[in-house]
């Protein structure tokens with residue numbers, strides 16, 4: 001492993017740690033009293049139906065798509081063996097996890113979509 005790749009891994013590790021801490025803070029906020037409308041608004045911050053790339057799910061899907069593109073460049077003759085699962089994971093995040101979160105927000109606060 002080169003110095004540059006070791007530095008990259010260190011940056012990724014630090015960034016992932018920051019993201020985990022931020023998500024833990026949100027989780028901690030959910031342990032107190034929270035109403036349906038407030039919970040729906042919190043969940044809407046994680047998933048934006050109109051601008052999916054703006055939410056957490058969209059950002060994670062974008063990261064996996066970039067990883068899939070990188071995998072395709074590493075071994076282009078492997079016919080998507082490495083990149084296809086990453087692209088599929090990205091699609092599952094936005095289409096499944098994101099969509100289910102959207103449905104949950106609608107059930108919690110049907111009137112809140114205009115907010």
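Numbering (the working numbering), first residue to last: 1 to 115.
Positions of the beta carbon are idealized from the N, C-alpha and C atoms, including for glycine.
The stretch 14 to 27 makes no contact with the stretch 77 to 88; the number of CB pairs closer than 8 Å stays below 3. In the three-state scheme derived from DSSP, where H, G and I count as helix and E and B as strand, residue 87 is classed as helix. With a cutoff of 9 Å on beta-carbon distance, residue 105 and residue 8 are scored as not near each other. Residue 35 is classed as exposed because its beta carbon has fewer than 16 other beta carbons within 10 Å across all chains shown. By the CB criterion at 9 Å, residue 90 and residue 68 fall inside the cutoff.
By the neighbour-count criterion, in which 16 or more other beta carbons inside 10 Å mark a residue as buried, residue 93 falls on the buried side. Taking C-beta atoms as the reference points, residue 30 and residue 21 fail to come closer than 9 Å. Residue 81 sits in coil when the DSSP states are folded into three classes, being neither helix nor strand.
Your pair residue 98 and residue 47 checks out as a contact, with CB atoms roughly 5 Å apart and the cut at 8 Å. Residue 7: member of the alpha helix (DSSP H) spanning 3 to 29, first to last residue.
Cα atoms of residue 33 and residue 95: separation of roughly 30 Å, rounded to the nearest angstrom.
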